[in-house]
Structures are given as structure tokens and as C-alpha cells.
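**Student:** My questions will all concern the structure given below.
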Amino acid sequence: MLVGVLFLAGVLPYSSDIFVKFLIGAGLLVVGQAIFLIAIDGSIIKVGKLVGSAIMKKKSIWLIVIFGFLFGLVTTIAEPDVQVLVSEIVHLNPFLSSWLLLSICGIGCGLFVCFGLVRIIKNIPLKWLLLALYSVVIILTCFVPNSFIGFSFDMGGVTTGSVTVPFILALAAGICAIRGKSRATYTFGVIAISSIGPILAILILGFIVGPVDSGVQNVEVLGFFETLLVCLRDVGLAFLPLFIIFLIANFSMLKLSGKQVFHIAFGFVVSAIGLVLFLLGINFGFSQMGHYIGQTIAFGTTNAIIILFGLGLGLLFVFTDPSIVVVVGQVEEITSGLLRKPVVFITLGLGIAAAVALALVHVIYEIKLIFIIPPLLIMALVLNFVVPKMFAAFAFDCGGISSGTMTVAFVLPLCVGLCTALGLETTGFGVVGIIATVPILAVQVLGIIYGIKRKKLERRRENLEQN
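Residues in the sequence shown are numbered consecutively from 47, following our numbering.
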């Protein structure tokens, strides 16, 4: 809708080729995402629940940890947003192969899923663990090329998505059940820890290989069928390891009937089709429109208007991302109605809007990421010692949820196109990381408000009891 308004208002010069591709891409994206999200309930998520339930019956915590690593690895590779981000990185950095990045991020996520589960077993306070891990992250950013800083935080922002999160939460809930721990307290935070793994993995890669050619280059535009073949290849290679793990688990633990295996296999096929359509829509039309808008608004438009455009775009994300809707409902539930949905929507929307605007400021004025993301993280880590315990974990989980599909598919290509048009040294990467960081602070502010309201409510109850 926003794109159509820009064309009608004359802000963007009309291009029939780009606009038609965008409409086709948007349709494929919506249909593909719907098919994918529906089909994973009977395939990927079902496998996670079956395996988690089977492991819990054995009451082997370390078996859960091992499967946590395996599922963290393969689900990261299959994650739609990760696939989109990797394709954007590889387009501008031929030195980095897609499977190198996918493998490294998968291993990083898998290891830190284990770390998050061990934290529950050992009862390690989350605020101290996040302080220690992000301290290592911040120190490493001082020794790696600027381009890898952007890659790493972007990857951390997109790793925990619609495929990965259900597995992580199911395994965390399983350990809580075995250990008799509070599910509401301990399941929050595992996602936050898991997202640190890919950040550290990419930073270590940057420390080892050094600077790579990440200058502005012309992105090769593939035709519809060429893009389709690339998507089929990537999705097939991503889903195959996950299905093999399911077959191994079925042979060793699940012992499902042939009919049940067939239904799950069919679900995998339908999920893969949905993901192919999703990626095809993004790569063929959606991302190209983002590049086009970025290249067009670079000229004849003031920096202030570009930043205001980013604010408006960020506000729209609150209403377009289903994950945010779910999170808002959870906030009202866990605070017993003290924080209402409209308040949470507005706060989170303002946080995401500010994040998109800040990302555009970073691109336009070529501000190094080391002066943006680490200070924001330090603020969030300090606030973690102030907000209620429950929000300390929940806020960091919200960061990864806020940087969803729209960020990777539209905002990142827009920033890349802006850099290309202006010939900037920055490439636009890092914007996903910024958008994943600012909402953490927004949710922490909500946590402080919740803490104040809860104390007032407790004082009123005490006064009523005394009277």
C-alpha cells in the first residue's frame, strides 16, 4: 500500500517492469508464507514436539541438549529470513559463499541453543550471562572489519524465526518440566542466548579472514525461472538435513507408522513449496522494489524526508508482522492486564520506527556501526539490572522478533540501493542489527512501567488489608 501511495504521489517515478515484478513478488510472498506457516505445524513443528516428547520420557537432559544443537543447526539453515539475508550478503560479497555463511551461523546457533538449555539446568542468572556474552561480542567488534560487524548483528537478528523458535521453546519447556522450574521465567531468554551464537560466529569469521571486498557493486538481476531454480536448490539443500534427522529419530525413538511418516513427509514437501514461493517472491520482486526505492529516493529527496519515510515504514511493521501480534498478546497476559495491548503496540511501534530511522541515519551519514549498536547494547545490559526479572529475558527475545521478514526483504535492500546510488562506502548491512536492538530498550521501558504499576497495586492492597 505504501509503495502504491509513493507512485501515485509522484515521489517515485513509475516503472511498469519494477511495479509488475513487485506485485507478483508480493503475491508470491503472501501465498508462500501462508502455505509455509500452515504446513510447518504438521511437519517441522510436529517433528520437534514428537522428538521433544520422546526425549522427555527418557528424562535425559543431555540428550535434549544434543538434539538442541542438531535442531538449532538445521533449522537455522532452513530459516526463511536467514536465507534472504545470506543471498543479499553474497550478492555484494562474492568472496563469501552462501553455504559458508549458513553453516557457520547454524553451528553458532546450535551451540548457543545448548548454552541456553544448560543455563536452565545450572540455574545461571540470565542478566549476568547476557552481560558476559555481550561483553565478548562488544570487545570482538573492536578487532573485526566494519562490514563483518554489520553481517554479524544482522544474522543475529534474523536467526531466531518461525522455524527455529518453536523447537527452542519446546526443548526449553521440556527441561523446565523435568527440573520443575517456572516455565514463564526460564523459557524466556533461551531465544536471546541463541541469537548471540551467529553474531559471535560471524565476528570470529571476520577476525580470521580480515577485510573482504564489500564495496558497492551492481546486483545481478535474474529472470523468473532462473530465480526459481536457485530457490529450489537452496530450499532442497536446507530441508534435506532436517528430514534426515527426523528419519534417524523415527528409527531410534519415535517408531511411527508408515502412514504417519508419509503425512509428515508430505508436510515437509508442502512446507518446502511454501518456502520456495516465499523466497521467489522476495528475490524476484520484493527486494528489487526495495533496491529501486533506495536508488530513486537518493536523488531529489532531502535526508530529512528519507528519515521520515523510515519512521513511517517502521510504524507499519507493527501491523504487518504476525510475530509482533503474538508478542503483544503475551505481554498483556504475563502482566495480568497491567500493560494493555494498545500501549504495548504503540511502544513497540515507536521503537521499531525509531530503529528504522536510525538505520537510515547510519547509512546516509556513514556512521560506523561500532558507534551505534555496542552503545545501545550497553544501555540495554545496564537496564537489565533495573527491569523486573521476567522482562529482562523477554526484552532481548523481542529484539529478534522485531527484525522479521519485512526488515530483511524490504528495508535492507532499500538501504543497499541507497548506498549504491550515492556511492557510499557503507553497504547498508547492519540495519537489521539496529532494528533488532532498539526494540529491546522499548520493551525494557515497558518493564519499568510494569514494575512501577505493580508496586503501586501492592501498596493499595496492603493499605486495604490494614484498613
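We treat Cβ as the ideally placed atom computed from N, Cα and C, and that holds for glycine.
Whole angstroms are fine: how far does the CA of V402 sit from the CA of V457?
**Tutor:** Taking the sequence shown and counting its residues from 1, the one referred to as residue 457 is at position 411. Taking the sequence shown and counting its residues from 1, the one referred to as residue 402 is at position 356. Going from the Cα of V457 to the Cα of V402 covers about 8 Å.
**Student:** For my contact list, M299 and I245 are in at a C-beta cut-off of 8 Å; report their separation, rounded to the angstrom.
**Tutor:** Here residue 299 refers to the residue found at position 253 when the sequence shown is read from its first residue. Here residue 245 refers to the residue found at position 199 when the sequence shown is read from its first residue. About 33 Å; that fails the 8 Å criterion.
**Student:** Please identify the residue among I166, W145, G203 whose C-alpha is closest to the C-alpha of G479.
**Tutor:** Within the sequence shown, the letter at position 433 stands for residue 479. Per the Cα distances, G203.
**Student:** When DSSP labels each residue in this structure, what does E508 get in the three-state scheme?
**Tutor:** Translated into positions along the sequence shown, residue 508 becomes position 462. In this structure, E508 counts as helix in the three-state DSSP scheme.
**Student:** Start and end of the alpha helix (DSSP H) containing Y180?
**Tutor:** As a first step, residue 180 must be located in the sequence shown, where it is residue number 134. Y180 -> alpha helix (DSSP H) spans 172-187.
**Student:** Please classify C151 as buried or exposed, where buried requires at least 16 other C-beta atoms within 10 Å of its C-beta.
**Tutor:** The sequence position of residue 151 within the sequence shown is 105, counting from 1. Under this definition C151 is a buried residue.
**Student:** Return the CA-CA distance between L215 and W174, expressed in angstroms with no decimal places.
**Tutor:** By 1-based counting over the sequence shown, the position of residue 215 is 169. By 1-based counting over the sequence shown, the position of residue 174 is 128. So the two alpha carbons sit approximately 21 Å from each other.
**Student:** Can we say the segment 457-466 touches the segment 422-440, given the rule of at least three CB pairs closer than 8 Å?
**Tutor:** The segment 457-466 vs the segment 422-440: no contact.
**Student:** Which of helix, strand or coil does DSSP assign to S89?
**Tutor:** Reading the sequence shown from its first residue, position 43 is the one you call residue 89. Residue state, collapsed to three classes: coil.
**Student:** Skipping 5 residues on each side, what residues in its chain have a beta carbon closer than 8 Å to that of V409?
**Tutor:** For this step, residue 409 is matched to residue 363 along the sequence shown. Cβ within range, chain order: C461, L464, C465, L470, T472, G474, V477.
**Student:** How about I135 and F330: do their beta carbons lie closer than 8 Å?
**Tutor:** Working through the sequence shown from its first residue, we reach residue 135 at position 89. Working through the sequence shown from its first residue, we reach residue 330 at position 284. No, these two residues do not count as a Cβ contact at 8 Å.
**Student:** Between the alpha carbons of A284 and R505, how many angstroms are there, rounded?
**Tutor:** For the purposes of this step, residue 284 is taken as residue 238 along the sequence shown, with counting starting at 1. For the purposes of this step, residue 505 is taken as residue 459 along the sequence shown, with counting starting at 1. Their Cα atoms are separated by approximately 54 Å.
**Student:** Judging by CA-CA distance, which residue of G94, F417, R279, A441 is the nearest neighbour of S144?
**Tutor:** In the sequence shown, the residue the question calls residue 144 occupies position 98. Looking at the Cα atoms, R279 is the closest of the given residues.
**Student:** Hey, how far is the Cα of Q263 from the Cα of I353?
**Tutor:** As a working mapping, residue 263 is identified with position 217 in the sequence shown. As a working mapping, residue 353 is identified with position 307 in the sequence shown. In this prediction, Q263 has a pLDDT of 47, which is less than 50 and means its spatial position is unreliable; what the coordinates show is noted afterwards. Straight-line Cα distance between these residues: approximately 24 Å.
**Student:** By the 10 Å Cβ neighbour count, where 16 or more other Cβ atoms means buried, how is V130 classified, buried or exposed?
**Tutor:** Looking up residue 130 in the sequence shown gives position 84. Classification of V130: buried, given that the 10 Å Cβ count is 16 or more.
**Student:** Determine the closest residue to A488 out of A400, G497, G88, L163, with distance taken between C-alpha atoms.
**Tutor:** Position 442 of the sequence shown, counted from the start, is the residue given in the question as residue 488. Checked all of A400, G497, G88, L163; the closest Cα to A488 is A400.
**Student:** Please identify the residue among I328, P191, L359 whose C-alpha is closest to the C-alpha of L251.
**Tutor:** By one-based count along the sequence shown, residue 251 stands at place 205. The candidate whose alpha carbon is nearest that of L251 is P191.
**Student:** Use the C-beta contact count for T187: other C-beta atoms within 10 angstroms, 16 or more gives buried, fewer gives exposed.
**Tutor:** Translated into the one-based positions of the sequence shown, residue 187 becomes position 141. Per the 10 Å Cβ criterion, buried.
**Student:** Taking the beta carbon of N139 as the centre, do at least 16 other beta carbons fall within 10 Å, making it buried, or is it exposed?
**Tutor:** Position 93 of the sequence shown holds residue 139. That one is buried.
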